[in-house]
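Undergrad: Sharing a structure, written as structure tokens. Questions coming.
Numbering (our numbering), first residue to last: 323 to 538.
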């Protein structure tokens, strides 16, 4: 495996257009930016050109704060990073956009990220209690009813959850530990809009944190 560097001197929009036309022949094109501001511009421009091509673009912004200083990173940044790391383990992206700081920042491995999320299918067994623990550990907040991404609620054998990789929340009904139904629902009306055979629950952050981790 090897990388072929490509250098440009024109505007970001022009660079993005050129890259959007490159056929990488099964390889991922990695774009490294100076900082998060440049990262955002690249994401907007490259996303525009690749939007109609069907080629996937994953974005990995850097933390705005020093992760070792004790300061909490912005929640949106944690969500975007976790989602991209999760998706990298599920699909093969055509383009990966990251800042130089992201490139040198250590993170957890693919197996650890995969363990934070879940893939749910009809008629498969998943312990609701284990799923709730995993949601809380990966950054989800318990709310009833849920109204935003990153929230979940539990009522008997029903789990509502809104993953960052979906446009609407899903309602998972269990019969014991067996998944009996999965339905997309409208958070405003709470009415089901679509039945699914499977769904994924991506983590809201790239690391696990539970109450036990904060105890002496």
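Quick reminder that beta carbons are idealized off the backbone N, C-alpha and C, glycines included. Only a predicted model underlies this, so the values are computations on that prediction, with no experimental measurement involved.
When the Cα atoms are used, what is the spatial distance from residue 453 to residue 525?
TA: Within the chain shown, residue 453 is the residue found at index 131, counting from 1. Within the chain shown, residue 525 is the residue found at index 203, counting from 1. If you take the alpha carbons of residue 453 and residue 525, they lie about 12 Å apart.
Undergrad: How many whole angstroms separate the CB atoms of residue 386 and residue 399, which I take to be in contact at a CB cut-off of 8 Å?
TA: For the purposes of this step, residue 386 is taken as the residue at position 64 of the chain shown. For the purposes of this step, residue 399 is taken as the residue at position 77 of the chain shown. 6 Å between Cβ atoms; contact.
Undergrad: Please report how far the alpha carbon of residue 459 lies from the alpha carbon of residue 336, in whole angstroms.
TA: Here the question's residue 459 lines up with position 137 in the chain shown. Here the question's residue 336 lines up with position 14 in the chain shown. Going from the Cα of residue 459 to the Cα of residue 336 covers about 42 Å.
Undergrad: Need the endpoints of the alpha helix (DSSP H) that residue 337 sits in, please.
TA: For the purposes of this step, residue 337 is taken as the residue at position 15 of the chain shown. Unbroken alpha helix (DSSP H) run through residue 337: 334 to 342.
Undergrad: Do residue 419 and residue 365 have their C-beta atoms within less than 7 Å of each other?
TA: Counted from its first residue, the chain shown places residue 419 at position 97. Counted from its first residue, the chain shown places residue 365 at position 43. Contact flag set, yes.
Undergrad: With a threshold of 7 Å on Cβ separation, who are the neighbours of residue 312 within its own chain once the five nearest residues in sequence on each side are excluded?
TA: Nothing can be reported for residue 312: it is not among the residues displayed for the chain, which extend from 323 to 538.
Undergrad: Is residue 481 closer than 7 Å to residue 494 when the C-beta atoms are compared?
TA: Start at 1 with the first residue of the chain shown, and residue 494 comes out as number 172. Start at 1 with the first residue of the chain shown, and residue 481 comes out as number 159. Yes, these two residues count as a Cβ contact at 7 Å.
Undergrad: Residue 503 lies in the alpha helix (DSSP H); which residues open and close that run?
TA: Residue mapping note: residue 503 aligns to position 181 of the chain shown, counting from 1. Looking at the DSSP string, residue 503 is not in any alpha helix (DSSP H); the run it does join, the beta strand (DSSP E), is 500 to 507.
Undergrad: Report yes if the C-beta distance between residue 383 and residue 411 is below 7 Å; otherwise report no.
TA: Locating residue 383 in the chain shown gives position 61, where the first residue counts as 1. Locating residue 411 in the chain shown gives position 89, where the first residue counts as 1. No, Cβ-Cβ distance for residue 383 and residue 411 is not below 7 Å.
Undergrad: Between which residues of its own chain and residue 416 is the CB-CB distance below 6 Å, once the five residues before and five after are set aside?
TA: On the chain shown, position 94 is the one that residue 416 refers to. Spatial neighbours of residue 416 in its own chain (CB-CB distance under 6 Å, excluding positions within 5 residues in sequence) are listed in chain order as 377, 378.
Undergrad: First and last residue of the alpha helix (DSSP H) that includes residue 368?
TA: Indexing the chain shown from 1 puts residue 368 at position 46. Its alpha helix (DSSP H) spans residues 358 to 372.
Undergrad: Report the rounded CA-to-CA distance for residue 477 versus residue 350, giving the unit in angstroms.
TA: The sequence position of residue 477 within the chain shown is 155, counting from 1. The sequence position of residue 350 within the chain shown is 28, counting from 1. Whole-angstrom Cα-Cα distance: 43 Å.
Undergrad: Are the Cβ atoms of residue 334 and residue 367 separated by less than 7 Å?
TA: One-based indexing of the chain shown puts residue 334 at position 12. One-based indexing of the chain shown puts residue 367 at position 45. Result yes, Cβ atoms of residue 334 and residue 367 sit closer than 7 Å.
Undergrad: Using a Cβ-Cβ cutoff of less than 6 Å, which residues in the same chain neighbour residue 505 once the five nearest sequence positions on both sides are dropped?
TA: If you number the chain shown from 1, residue 505 lands on position 183. Contacts found: 493, 514, 517.
Undergrad: Thinking just about the alpha-carbon of each residue, which of 362, 353, 443, 358 is nearest to the one in residue 501?
TA: Residue mapping note: residue 501 aligns to position 179 of the chain shown, counting from 1. If you compare the alpha carbons of 362, 353, 443, 358 with that of residue 501, the shortest gap goes to 443.
Undergrad: Who are the near neighbours of residue 509 in its chain, counting only those whose CB is closer than 6 Å to its CB and skipping five residues on each side?
TA: Numbered from 1 along the chain shown, position 187 holds the residue referred to as residue 509. Taken in chain order, the residues that qualify are 469, 491.
Undergrad: Quick check on the DSSP output: the beta strand (DSSP E) that includes residue 444 runs from which residue to which?
TA: Here residue 444 refers to the residue found at position 122 when the chain shown is read from its first residue. Unbroken run through residue 444: none, as it is neither H nor E.
Undergrad: Near residue 450, what residues of its chain come up, given a Cβ to Cβ distance below 8 Å and the 5 sequence neighbours on each side ignored?
TA: For the purposes of this step, residue 450 is taken as the residue at position 128 of the chain shown. Answer for residue 450: 476, 479, 481, 496, 499, listed in chain order.
Undergrad: For the candidate residues 361, 425, 471, whose alpha-carbon lies nearest to that of residue 405?
TA: Residue numbering aside, residue 405 sits at position 83 when the chain shown is read from its first letter. Of the candidates 361, 425, 471, the one whose C-alpha sits nearest the C-alpha of residue 405 is 471.
Undergrad: How many whole angstroms separate the CB atoms of residue 457 and residue 430, which I take to be in contact at a CB cut-off of 8 Å?
TA: Taking the first residue of the chain shown as 1, we reach residue 457 at position 135. Taking the first residue of the chain shown as 1, we reach residue 430 at position 108. With 8 Å as the limit, residue 457 and residue 430 do not qualify as a contact, their Cβ atoms being about 17 Å apart.
Undergrad: I'd like the list of long-range same chain contacts for residue 446, defined as Cβ closer than 8 Å, with 5 residues on each side in sequence excluded.
TA: Taking the chain shown and counting its residues from 1, the one referred to as residue 446 is at position 124. Hits under 8 Å: 500, 501.
Undergrad: By a C-beta neighbour count over all protein chains shown, 10 Å radius and 16 as the cutoff for buried, is residue 455 buried or exposed?
TA: Numbered from its first residue, the chain shown carries residue 455 at position 133. Residue environment: residue 455 is assigned as exposed (fewer than 16 neighbouring CB atoms within 10 Å of its CB, all protein chains considered).
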